[in-house]
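Offset between the sequence shown (1-based) and my numbering: plus 408.
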Amino acid sequence: KELEKFLSEKRYPFFSSKQIFKWIYQKRKEDFSKMSDISKPMRAFLADNFYFSKLKLLEELTSCDGTKKFLFVLEDSSSIETVVIPEGQRNTLCVSTQVGCKFSCGFCLSGRAGFKRNLKVSEIINQYLEAEKLISPREITNIVFMGIGEPLDNFDNVIKSIEVLTSSFGIHFVKRRVSISTAGITAKIKELKSRNIGIKLSLSLHSADSDKRSKMMPINKKYPLAEVIEALKEFSHKGKFPVTLEYVLIKDFNSQREDALKLAKLAKSIDCKLNIILYNQSQYFSWEAPSSKEIDIFKKILKAKNVLFTFRKARGNDILAACGQLKSDFAVEESRENV
Ligand code: SAH
């Protein structure tokens, strides 16, 4: 619609916008001069007014479990990470939405270096286009907005990028295979619901006890858990738009019996999927994953309470695939070199 408006204002046929989209996102032509069904003067006009932005691949790491992590440099020299996680026939793309993060969750590296800026729509979509080339001939089957940053804090650009990714003139990616993960910004969850986009939503829960959650996730002080859960219930609207609760198991924080009991109670109060994930350790925090014995007890309590859940071992441990880990490692290496 934006392109249609722009073209009409410049007195070019508005319907060319669909042709242009198809050239870019379906035929993947990054050259206006090759867009043969568009008039020559218009091709020249496009080349004068637009360019094809690129991400520069700085580092690529492959885990022994197949997870691939890419460190990309943006035009302003900021860097972001994009991860592809293979699982059977699935290849899940995990995209970043911001350079850095404002939310400072106590165990997450993304917030450690602070926030720099929101990603542009092109920078979000380019992660898809570049990763697709890099993993070819495999194809991306799922997209999760779960990389660096808080997607709902860059709301407009994230929504616009999803519109391009899922548009039938664009990449035509299946909406129900797209999901956003949030630390819990109630106001934006409500806005997402009102937009009725048809994507899935995950909440990074990590504790079912609001006071405890506030200690690890400062956002909980602004948007307390009870409010977030209410917004999720409205979003889910009896399973039409499924919601997932993500619970990263961290020793000496949320892995005890009472934590499991509270989690069971909360998970049963809302129509949701529950994902338990093991904490991915890093040298920058003293947090650890619980022992296998503690994990077993935790799982047993959930089962005894008839709570359905999936348990995921951390993926890409050996390549620092958790949030912000590659970027932080790289920054340390860089600063060492500078010294
Ligand atoms: N801001 C959004 C999306 C980015 S974080 C959100 O909070 O959901 C993506 C997920 O990775 C979150 O669930 C986050 O809690 C989790 N995460 C961050 N660091 C981790 C680590 N070291 N090990 C396991 N999961 C981690």
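Where is the CB? At the ideal position from N, CA and C, for every residue including glycine.
What you are looking at is a predicted structure, and each value in this text was computed from that prediction instead of being measured.
### Message
Can you check which of these residues, Lys623, Asn714, Ile627, Ser530, is closest to Ser569 by C-alpha distance?
### Response
Ser530
### Query
Is any heavy atom in the ligand SAH found nearer than 7 Å to the beta carbon of Ser690?
yes
### Cβ shell of Phe738 (< 8 Å), same chain only, five flanking positions each side left out
In this prediction, Phe738 scores a pLDDT of 48, lower than 50, which makes its location untrustworthy; no coordinate-derived value is stated.
### Message
Pop quiz: Phe693 and Phe515 are said to be a contact at Cβ under 8 Å. What is the actual Cβ separation, rounded to whole angstroms?
### Response
6 Å
### Message
Per the DSSP calculation, Gln506 is bridged to which residue(s)?
### Response
Asn526
### Task
Tell whether a beta-carbon distance below 8 Å holds between Val636 and Thr574.
no
### Message
Given the structure, does Ser383 come close to the ligand SAH, in the sense that its CB is under 7 Å from one of the ligand's heavy atoms?
### Response
The structure shown does not extend to residue 383, since the chain is modelled only from 409 through 747, so no value can be given for it.
### Query
What residues in its chain sit with their C-beta under 8 Å from that of Glu654, if we drop five residues either side in the sequence?
Ser589, Ser610, Leu611, Ser612, Leu613, His614, Asn683, Ile685
### Query
If you follow the beta strand (DSSP E) that Ser612 is part of, which residue opens it and which one closes it?
608-612
### Task
Counting only the same chain and skipping the five closest in sequence on each side, list residues whose C-beta sits under 7 Å from that of Asp617.
Lys670
### Message
When you compare the CB positions of Ala539 and Thr475, do they come within less than 8 Å of one another, or not?
### Response
no
### Segment contact flag, the stretch 493-505 with the stretch 415-432, C-beta cutoff 8 Å, min 3 pairs
no
#### Entry: Simplified DSSP state of Ile465, which is helix, strand or coil
Inspection of the sequence shows that residue 465 is occupied by Leu rather than by Ile. Correct three-state label for Leu465: strand.
### Query
Quick one: what's got a C-beta closer than 6 Å to Phe440's C-beta in the same chain, skipping five residues either side?
Arg451, Leu454, Ala455
### Message
Ignoring anything shorter than 3 residues, give me the beta strand (DSSP E) runs that lie fully in the stretch 628-700, in order along the chain.
### Response
651-657, 680-686
### Query
By a C-beta neighbour count over all protein chains shown, 10 Å radius and 16 as the cutoff for buried, is Leu716 buried or exposed?
exposed
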